[in-house]
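Residue numbers (the numbering used here): 153 to 265.
Quick notes on the structure that follows.
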Amino acid sequence: MPNLNEFTFNIRSIILINDQTHLLSNEDIQHTLTSLSDHQVISCVDYFPSNKTGQCHFYTYPHTRVHYDNITNNFPGGLFKHVRIATLFDERPFEHTFFIQIAQAFPFLNELI
């Protein structure tokens with residue numbers, strides 16, 4: 153079997169947070185991914201108390217997919233030239249500066265949902 157030369161990924165996990173006392177942070181996730189030194193790995197952890205859920209999204213950068221789903225106020229930024237469709241989700245309202253960041257991060261965006 154030939155060697156794998158490149159591994160890119162885009163993973164999102166959703167958890168229920170009923171009574172958890174230790175909730176992971178972005179730093180916790182980044183620490184677990186340090187062995188993937190060939191690529192920059194971006195992580196974004198969000199918790200939504202009213203839904204009692206948490207979301208962890210991590211992916212290799214640069215991001216080459218055409219969709220970027222469930223962007224939150226915790227969006228880490230970057231440049232996403234391939235993304236044409238993006239969706240937003242958060243319990244807190246999005247501010248004007250957030251939309252400026254989105255416009256800069258997704259220069260070829262066709263649809264924002």
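Glycine included, each C-beta is placed from N, C-alpha and C at the ideal position.
Query	Result
Is Lys255 buried or exposed, if buried means 16 or more other CB atoms sit within 10 Å of its CB?	Looking at the sequence itself, residue 255 is Ala, so the reference to Lys does not match. It counts as exposed.
Beta-carbon separation of Phe200 and Ile163 under 8 Å?	no
Decide if Ser195 is buried, meaning its Cβ has at least 16 other Cβ atoms within 10 Å, or exposed.	buried
If we ignore side chains and look at the alpha-carbon of each, how far apart do Leu264 and Phe251 end up?	10 Å
Report all residues from its chain with a CB closer than 6 Å to the CB of His191; omit the five preceding and five following residues, and keep chain order.	Thr212
Output needed for Ala257: all residues of its chain with C-beta closer than 7 Å, excluding positions within five of it in sequence on either side, in chain order.	Gly229, Gly230, Leu231, Phe232
Drop a sphere of 10 angstroms on the beta-carbon of Val197, count the other beta-carbons inside from all chains shown, and report buried for 16 or more, exposed for fewer.	buried
Buried or exposed: which applies to His266, given that a residue is buried once 16 or more other Cβ atoms fall within 10 Å of its Cβ?	Given that the chain is displayed from residue 153 to residue 265, the structure contains no residue 266 and the question cannot be resolved.
Go ahead and label Ile223 buried or exposed: buried means 16 or more other beta carbons lie within 10 angstroms of its beta carbon, across all protein chains shown.	buried
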